[in-house]
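Visitor: A single structure is presented below for examination.
Residue numbers (our numbering): 11 to 135.
The structure is reproduced here in structure tokens:
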């Protein structure tokens, strides 16, 4: 029993020393959005009907959440358009190209930020 304990303690100290000296892995760099054309994104937002659920300025509507500006990283935005989990239809590459998704992303992120609640007199206490 003592031999097993000593062997286990020795193994633990070797593993611990190795873990302390091992370099820490760097987190993966976020995928940056490809360059998108804001004007084309606005046209697509209307043409494919995004406004019907997400509102005319991507502010959210009765059946779709607010999607901009700057709420999601490009990778999440693109993945969700291709494989949504809610009632939104999937947009394959036959419907939207990768460039068109980049254009939509550029347009959504160019929307003005909503004003701070504290700046609205109607909502002041």
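Glycine is no exception: its CB is placed at the ideal position from the N, C-alpha and C atoms. Keep in mind it's a predicted model, so treat the numbers as computed, not measured.
Enumerate, from N- to C-terminal direction, the unbroken alpha helix (DSSP H) stretches of 4 or more residues contained entirely within the segment 41 to 66.
Guide: For the segment 41 to 66, whole alpha helix (DSSP H) runs of length 4 or above, ordered along the chain, are 48 to 57 and 60 to 64.
Visitor: Would residue 127 be called buried (16 or more neighbouring beta carbons within 10 Å of its own) or exposed?
Guide: Classification of residue 127: exposed, given that the 10 Å Cβ count is below 16.
Visitor: Can you tell me whether residue 129 is helix, strand or coil according to DSSP?
Guide: The answer is helix: DSSP assigns residue 129 an H, G or I state.
Visitor: Between residue 77 and residue 64, is the Cβ-Cβ spacing less than 7 angstroms?
Guide: Yes.
Visitor: Report yes if the C-beta distance between residue 55 and residue 87 is below 7 angstroms; otherwise report no.
Guide: No, they are not a contact pair.
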